[in-house]
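Here is the structure we will look at.
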Amino acid sequence: MGITLLVGEEASYDLEYESWIRFLDEIGIDASEEEGFRQRLAARFKELGLAAIEAKLMIASGQFDSVSFSS
775 MGITLLVGEE ASYDLEYESW IRFLDEIGID ASEEEGFRQR LAARFKELGL
825 AAIEAKLMIA SGQFDSVSFS S
């Protein structure tokens, strides 16, 4: 079973179930808590911002081991 997550206007990521769970773990969302899941996920996306979400998707999908940001 795969999940396609659209991020921004053009980026999309195809994740297998295990990668999806890894992604949720990367952003601090407990997938086992179903109640309010969508609201928690949307709030976390807004809090992290597009660049961080994309980086964590790349990690979860195995494209990168880690990503760091500098200012």
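If you read the sequence shown in this note's numbering, its first letter stands for residue 775, the second for the next number, and so on. By construction, the Cβ of each residue, glycine as well, lies at the ideal position given by its N, Cα and C atoms.
In the three-state reduction of the DSSP assignment, S835 falls in the coil class, being assigned neither a helical nor a strand state. In the structure shown, the three-state DSSP call for S793 is helix. Taken through DSSP and simplified to helix, strand or coil, A785 comes out as strand. Contact check between the stretch 822 to 832 and the stretch 806 to 814: fewer than three CB pairs, one atom from each, fall below 8 Å, which does not count as touching.
Distance from I777 to E800 at the Cβ level is roughly 15 Å; contact not present, criterion being Cβ atoms closer than 8 Å. Contact between S793 and S835 holds: CB atoms are separated by about 5 Å, below the 8 Å threshold.
Counting only the Cα atoms, K820 lies some 23 Å from Q837.
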